[in-house]
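Note that the protein sequences, when read in sequence, are chains Z and B. In terms of the working numbering, the first sequence opens at residue 1 and continues consecutively. In terms of the working numbering, the second sequence opens at residue 286 and continues consecutively.
Protein chains: 2
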Amino acid sequence: MTENINIKIVDNVKDMQALSNRIKKEGRIISFVPTMGALHEGHLSLMRVAKEKGDFLVVSIFVNPTQFGPNEDFNKYTRDLKGDIEKVSEIGVDVVFFPDVNEIYPEGFETYVEVQELQKPLCGQFRPGHFKGVTTVVLKLFNIVKPDIAVFGEKDYQQLLIIKKMVRDLHLEIEIIGMPIIREEDGLALSSRNAYLSHEDRARALALSQSLREIEKRFKEGNKNTNDLVQYGIEILNKSSITDIDYLEIRNGHTLESKKEAQPGDLVAIAARIGNTRLIDNTKL
Amino acid sequence: MTENINIKIVDNVKDMQALSNRIKKEGRIISFVPTMGALHEGHLSLMRVAKEKGDFLVVSIFVNPTQFGPNEDFNKYTRDLKGDIEKVSEIGVDVVFFPDVNEIYPEGFETYVEVQELQKPLCGQFRPGHFKGVTTVVLKLFNIVKPDIAVFGEKDYQQLLIIKKMVRDLHLEIEIIGMPIIREEDGLALSSRNAYLSHEDRARALALSQSLREIEKRFKEGNKNTNDLVQYGIEILNKSSITDIDYLEIRNGHTLESKKEAQPGDLVAIAARIGNTRLIDNTKL
Chain Z
1 MTENINIKIV
11 DNVKDMQALS
21 NRIKKEGRII
31 SFVPTMGALH
41 EGHLSLMRVA
51 KEKGDFLVVS
61 IFVNPTQFGP
71 NEDFNKYTRD
81 LKGDIEKVSE
91 IGVDVVFFPD
101 VNEIYPEGFE
111 TYVEVQELQK
121 PLCGQFRPGH
131 FKGVTTVVLK
141 LFNIVKPDIA
151 VFGEKDYQQL
161 LIIKKMVRDL
171 HLEIEIIGMP
181 IIREEDGLAL
191 SSRNAYLSHE
201 DRARALALSQ
211 SLREIEKRFK
221 EGNKNTNDLV
231 QYGIEILNKS
241 SITDIDYLEI
251 RNGHTLESKK
261 EAQPGDLVAI
271 AARIGNTRLI
281 DNTKL
Chain B
286 MTENINIKIV
296 DNVKDMQALS
306 NRIKKEGRII
316 SFVPTMGALH
326 EGHLSLMRVA
336 KEKGDFLVVS
346 IFVNPTQFGP
356 NEDFNKYTRD
366 LKGDIEKVSE
376 IGVDVVFFPD
386 VNEIYPEGFE
396 TYVEVQELQK
406 PLCGQFRPGH
416 FKGVTTVVLK
426 LFNIVKPDIA
436 VFGEKDYQQL
446 LIIKKMVRDL
456 HLEIEIIGMP
466 IIREEDGLAL
476 SSRNAYLSHE
486 DRARALALSQ
496 SLREIEKRFK
506 EGNKNTNDLV
516 QYGIEILNKS
526 SITDIDYLEI
536 RNGHTLESKK
546 EAQPGDLVAI
556 AARIGNTRLI
566 DNTKL
């Protein structure tokens, strides 16, 4: 007997849809947290909110191949269903949807959804096709799980904006909730990819959140020039020998438009490589 | 008092979704026929099937801007809501969904869905972006009307294949039904665009269906070479001075792959311009 005795694992689309149809017919609110597994406290914080907001909580675990580029970490991405189930058992998750890749991408699959503009800047520039893979799989999962509410983390801030736009543009009746980044005590944003970091790289990675704090501090002191602010951040990164920086940018927090003068509500977003590990972090001014 | 007294016209997304949610909660089956108006007997034949298959019949009338190219007939496309309502009043349509363009494409709209391969050949080659506009609006309409069944005409055969693929790929629980082309007694396929034809062009347009019949006849006589068969069809078109031919092709009826040897079940599809009017027609061998 284990704590997870009450978690139902559904591994195929038809069963998940039948279950969701039944729950909806009963008038119960389905809340949903899509994940790629390798769960950490960040994911669990989303699930707690989803549990509170709905009557029936579905968590999906699916490492989505279409959102990884050819030279990215799809194959080495951590898979640990047993560990993940143990973690979600504390939350009161009703169903873990854990489909096989052939269920989600059947032979001859060729339909993709794109949020054309919001997907272009920031990570979109450095991970071509990434957000197209994200929106496609999330739309599929929405059509399978049929949630009333779905909860995403603000760590993937651009992703959150894109999903919100997709839901609005496609008239999906799903409330999208974004939740704050969860950090280690020393400031490192939680990420499944932190597990790739050596002890030494883990220490260097602190510079990401430190650079965001530095920019926030300078902004509060009255410096609104985005070029200056970004430069202060880059100096912090360079001090930790982080030079492989995909981007460190200040953009409008809703439209992601770039800007010369920073304002409250703007997004400061960063992506950088520590060794072979690409990490992202962000904050709102 | 008119016959259409019982037809409810819904002009906005929220009301349509609320109505569809109510109908579904009652356990009734929603059937759906999306149209661009300018209704003719072809549309009405789809509605009769949809009426028979479902409990609650929704017809949408929306001239979708995103499926027209910049030099196409979006502006001159026939709009006749009053005439259309009169036509559907005989069928027992429960709701006409007649949204404003700003309801379907709100400001900042930027999300598109594409069926990447099936959209490439035939009309896709000559109407860039057309099928992207079709799949996007149909997905939107599906998310608004929430049908269990949707009925499309086989006249837009490529469109029908694309919609079926989209529904499968995105895991939509919607049964897509394709219905045969309705023709005038002399063979001309019904089309809203036939209204553009002069008396003389109307007579020339007969060559489209005649060329399909000629190809069918030659195939039945044992000629399976697609180049030969197509050539026979083109000769018929040329006899009626139809030389502006987008395509006349024989392709696999499911995958649309081109082929050298014709087989039963293959699609023969044609698109040609008579004056300024672009007409399509097709048949299965």
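Beta carbons: idealized from backbone N, C-alpha and C, even for Gly.
Counting only residues of its own chain and dropping the five nearest sequence neighbours on each side, I434 (chain B) has a CB closer than 6 Å to the CB of S316, K338, G339, E460. DSSP places I162 (chain Z) in the uninterrupted alpha helix (DSSP H) bounded by 157–169. For F126 (chain Z), same chain residues with a beta-carbon under 8 Å away, outside a window of 5 residues either side, are D246, Y247, A271 in chain order. Your pair K545 (chain B) and R536 (chain B) does not check out as a contact, with CB atoms roughly 11 Å apart and the cut at 8 Å. Below the 9 Å Cβ cutoff, chain B contributes T396, V398, T421, L424, K425, N428 as neighbours of L170 (chain Z), in chain order.
By the rule that beta-carbons nearer than 7 Å mark a contact, E542 (chain B) does not touch chain Z.
In this structure the stretch 120–135 of chain Z lies against the stretch 62–70 of chain Z, because at least three pairs of beta carbons, one per stretch, are closer than 8 Å. The Cβ atoms of L39 (chain Z) and K87 (chain Z) lie closer than 7 Å to each other. Setting aside the 5 residues that flank it on each side, M166 (chain Z) is surrounded in the same chain by V115, T135, each with a C-beta closer than 6 Å to its C-beta; the list follows chain order.
Its chain contains L237 as the residues whose beta carbon lies nearer than 8 Å to that of T243 (chain Z), once the 5 sequence neighbours on both sides are disregarded; these appear in chain order. Short of 7 Å from the beta carbon of K24 (chain Z), and not among the five residues preceding or following it, lie these beta carbons of its own chain, in chain order: I30, K146. Look at E117 (chain Z): its C-beta is under 7 Å from a C-beta on chain B.
The count of Cβ pairs closer than 8 Å, one atom from the stretch 467–478 of chain B and one from the stretch 150–162 of chain Z, stays below three, leaving the stretches out of contact.
For Y517 (chain B), the secondary structure class from DSSP, reduced to helix, strand or coil, is helix.
As DSSP reads the structure, F32 (chain Z) sits in a beta bridge with Z:V58, Z:A150. Think of a sphere of 7 Å around the beta carbon of E173 (chain Z): the chain B residues whose beta carbon falls inside it are Q302, in chain order. The beta-carbon of V386 (chain B) is placed no less than 7 Å from the nearest beta-carbon of chain Z. At a Cβ-Cβ threshold of 7 Å, N282 (chain Z) and A262 (chain Z) do not count as neighbours. With contacts defined by Cβ atoms closer than 7 Å, F219 (chain Z) and L285 (chain Z) form a contacting pair.
Residue contact check for M321 (chain B) against chain Z: no CB pair falls below 7 Å.
Taken atom to atom, the span from the alpha-carbon of K336 (chain B) to that of I177 (chain Z) is near 39 Å. DSSP places A547 (chain B) outside both helix and strand once states are collapsed to three, so it counts as coil.
The criterion of a C-beta distance shorter than 7 Å is satisfied by H456 (chain B) and K140 (chain Z). Classified as buried, I234 (chain Z) has 16 or more neighbouring CB atoms from the shown chains inside 10 Å of its CB. Note on D11 (chain Z): under 16 other CB atoms within 10 angstroms of its CB, so exposed under the neighbour-count rule. Annotated as distal: D84 (chain Z) and G27 (chain Z), with beta-carbon spacing of 7 Å or more. With 16 or more other Cβ atoms inside 10 Å of its own Cβ, K449 (chain B) counts as buried.
Beta-bridge annotation (DSSP): D385 (chain B) is not paired with any residue. A residue is called buried when at least 16 other Cβ atoms come within 10 angstroms of its Cβ; I91 (chain Z) meets this threshold and is buried.
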